[in-house]
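J.: One line per chain: the protein sequences are A and B, in this order. Residue numbers are given in my numbering: position 175 of the first sequence equals residue 175, and the series is strictly consecutive. In short: position in the second sequence from 1, add 1000, done, that's my numbering. From the three backbone atoms N, C-alpha and C, an ideal C-beta is built for every residue, glycine too. In this text the structure is predicted, and so the values were computed from the model without any measurement. Got a structure here, written out as structure tokens. Questions coming.
There are 2 protein chains.
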Amino acid sequence: MALKNNSKRKKQADLNRRALIEATLDSIVEIGIAQTSVSEIIKRAGLSRGMIHLHFGGKDGLFVSAVKRAGETYYNNLNRFLEKAGTPPQARVAAVVNGDLDETVLSNRAVSIWYAFRGEARERKTIAEYSDTRDERLNTLLFRAFREIAETEGLDEPATVARDATHGTLALLEGMWTDFLIHPDSFDRAVAKRIVFRFLAAMFSAHFDLMGAK
Amino acid sequence: MALKNNSKRKKQADLNRRALIEATLDSIVEIGIAQTSVSEIIKRAGLSRGMIHLHFGGKDGLFVSAVKRAGETYYNNLNRFLEKAGTPPQARVAAVVNGDLDETVLSNRAVSIWYAFRGEARERKTIAEYSDTRDERLNTLLFRAFREIAETEGLDEPATVARDATHGTLALLEGMWTDFLIHPDSFDRAVAKRIVFRFLAAMFSAHFDLMGAK
DNA sequence: ATTTTCAATGGACGATCATCCATTGAAAGC
DNA sequence: GCTTTCAATGGATGATCGTCCATTGAAAAT
Chain A
1 MALKNNSKRK
11 KQADLNRRAL
21 IEATLDSIVE
31 IGIAQTSVSE
41 IIKRAGLSRG
51 MIHLHFGGKD
61 GLFVSAVKRA
71 GETYYNNLNR
81 FLEKAGTPPQ
91 ARVAAVVNGD
101 LDETVLSNRA
111 VSIWYAFRGE
121 ARERKTIAEY
131 SDTRDERLNT
141 LLFRAFREIA
151 ETEGLDEPAT
161 VARDATHGTL
171 ALLEGMWTDF
181 LIHPDSFDRA
191 VAKRIVFRFL
201 AAMFSAHFDL
211 MGAK
Chain B
1001 MALKNNSKRK
1011 KQADLNRRAL
1021 IEATLDSIVE
1031 IGIAQTSVSE
1041 IIKRAGLSRG
1051 MIHLHFGGKD
1061 GLFVSAVKRA
1071 GETYYNNLNR
1081 FLEKAGTPPQ
1091 ARVAAVVNGD
1101 LDETVLSNRA
1111 VSIWYAFRGE
1121 ARERKTIAEY
1131 SDTRDERLNT
1141 LLFRAFREIA
1151 ETEGLDEPAT
1161 VARDATHGTL
1171 ALLEGMWTDF
1181 LIHPDSFDRA
1191 VAKRIVFRFL
1201 AAMFSAHFDL
1211 MGAK
């Protein structure tokens, strides 16, 4: 008969799967994606060689799962800020900015992983997919908030304004992440946030900066 | 006796060096940095195996030269815009923005190469160095222009304003490059430029957008 | 207690990797 | 025309890569 879904053996299998994903991400952070070999991963996880093939079909499958996990981690952290913000559009925008640049989200680990996969995304569709997903969700969220603000303020062409504001905000945040990647020591989160809010202040009369800040 | 510096043999050596660098960059663009092996490079260049060791000391040395070349290409293209702009600070800023987002600078090839190396930059100091260099030069150039504008406009704390404007502009441009990387088909250069200039319009009363545009 | 199930193991495998060096041959110097 | 120089060659080398599968052994089912 088939095993129960939560039998001792299935649970151990789940733990091993997680351990392999974590070992993969750890390795990418510490020695880079190019040096992250199967041997390196199993050494870190303390598991056997064949387990990658067993659980993920191969190294490629493991990497896809690792990207997926990294994306989930990003969203789980950001969601904490969004839940605190509630429904007001300014608060939601501020939550995205403050969350995206918070030390729990924008970390050494996060940028290492993100940029490692970005470099590979061009020829691996499965990896590119998850870069896209992140972008899509934030895009929709910000656009709706900005459109609501633009309409409330009675601006001309609120959809166009909202589209530009969304595009600009996401581009600014992306740029800040790159800045953190290249200058991790001198990077200043407060300055980064101030600049993003300064951009938003140019497009709307509403104030964002203090809302949703910790 | 030693060969003349521009002897037929030296010239051929230079051509081969260039061919290897171009083959490396082509390979990175087409099949990704992970698949770019020594065998792949020499196949593309039509040269022999040992030549990489002879001219660059090894694959690492070749990659460093390739990053350097990619950086030079970026600056050479951008310089065409800066030379046209002349000395007025607004024109110089506009030249950077219009140049950085021009199709001769922000291309499929450029983003492929740039993001491939970024992913490796974290553990390879020599590669990170050239990412830094690019950043440093633009940083100085923009800061001086913005400070001059801020002083002319009689703004409070011109240095702070200039620092924020520089930081924000570079972050926005970085973000636009990432946007192009992920959505090469739907990317709109005109929209990207409009958003950057909108950001600048928020910080200064001077107008930038029409200056330096083609 | 016995049988069945299957997650886990780890060595074998062929492929491919980057490096290196003895040899070559055409260009440069005399 | 002869000698010297050295860029260029490409096969040999050992290391490392990811995949695969026969075997194991503990947990689950009977």
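(1) Considering only their Cβ atoms, is the gap separating S131 (chain A) from I1052 (chain B) smaller than 7 Å?
(2) According to a CB-to-CB cut-off of less than 7 Å, which residues of the region 1151 to 1170 of chain B neighbour chain A?
(3) Could you check what DSSP says for A1034 (chain B) in three-state terms: helix, strand or coil?
(4) Closer than 9 Å, Cβ to Cβ, to anything on chain A: give me those residues from the region 1181 to 1198 of chain B, in chain order.
(5) Residues of chain B with a CB under 7 Å from the CB of N178 (chain A): which are they?
(6) Quick one: what's got a C-beta closer than 8 Å to F199 (chain A)'s C-beta in the same chain, skipping five residues either side?
(7) Work out the CA separation of E22 (chain A) and K68 (chain A) for me, nearest whole Å.
(8) Would a check of beta-carbon distances place S1131 (chain B) closer than 7 Å to chain A?
(9) Any idea what DSSP makes of E1157 (chain B), helix, strand or coil?
(10) How many angstroms separate the CA atom of I28 (chain A) from the CA atom of D1026 (chain B)?
(11) Taking Cβ-Cβ distances below 9 Å as the criterion, which residues of the region 116 to 147 of chain A are in contact with chain B?
(12) Can you have a look at K1193 (chain B) and say buried or exposed, based on whether 16 or more other CB atoms are within 10 angstroms of its CB?
(13) With DSSP run on the structure shown, which of helix, strand or coil describes F1208 (chain B)?
(14) To the nearest angstrom, how far is the alpha carbon of I31 (chain A) from that of N6 (chain A)?
(15) So, helix, strand or coil for T1087 (chain B), using DSSP?
(16) Would you mind stating whether V64 (chain A) and T126 (chain A) have Cβ atoms separated by less than 7 Å?
T.: From the atom records:
(1) Mapped onto the second sequence, residue 1052 (chain B) falls at position 52. Mapped onto the first sequence, residue 131 (chain A) falls at position 131. In this structure, S131 (chain A) does not lie closer than 7 Å to I1052 (chain B) by Cβ.
(2) D1164, H1167, G1168, L1170
(3) Position 34 of the second sequence, counting from 1, holds the residue named residue 1034 (chain B). DSSP places A1034 (chain B) in coil when its eight states are reduced to three.
(4) L1181, I1182, H1183, V1191, A1192, R1194, I1195, V1196, R1198
(5) Taking the first sequence and counting its residues from 1, the one referred to as residue 178 (chain A) is at position 178. For the sequence presented, residue 178 (chain A) should be read as Thr rather than Asn. Under the 7 Å cutoff, chain B gives E1174.
(6) Here the question's residue 199 (chain A) lines up with position 199 in the first sequence. G168, T169, L172.
(7) To locate residue 68 (chain A), count along the first sequence from 1; it is residue 68. To locate residue 22 (chain A), count along the first sequence from 1; it is residue 22. About 12 Å.
(8) Numbered from its first residue, the second sequence carries residue 1131 (chain B) at position 131. Yes, S1131 (chain B) lies at the interface with chain A (some Cβ there is under 7 Å from its Cβ).
(9) Locating residue 1157 (chain B) in the second sequence gives position 157, counting from the first residue. In the structure shown, E1157 (chain B) sits in coil (DSSP, three-state: anything other than H, G, I, E or B).
(10) Counted from its first residue, the first sequence places residue 28 (chain A) at position 28. Counted from its first residue, the second sequence places residue 1026 (chain B) at position 26. Approximately 25 Å between the Cα atoms of the pair.
(11) A116, F117, R118, G119, E120, A121, R122, E123, R124, A128, S131, D132, D135
(12) Start at 1 with the first residue of the second sequence, and residue 1193 (chain B) comes out as number 193. Buried, by the Cβ-count rule.
(13) As a working note, residue 1208 (chain B) is residue 208 in the second sequence. F1208 (chain B) falls in the coil class under three-state DSSP.
(14) Locating residue 31 (chain A) in the first sequence gives position 31, where the first residue counts as 1. Locating residue 6 (chain A) in the first sequence gives position 6, where the first residue counts as 1. Roughly 35 Å between the two C-alpha positions.
(15) Taking the first residue of the second sequence as 1, we reach residue 1087 (chain B) at position 87. It is coil, neither helix nor strand.
(16) On the first sequence, residue 64 (chain A) is found 64 positions in, with the first residue counted as 1. On the first sequence, residue 126 (chain A) is found 126 positions in, with the first residue counted as 1. Yes; because the gap between Cβ atoms is below 7 Å, this pair is in contact.
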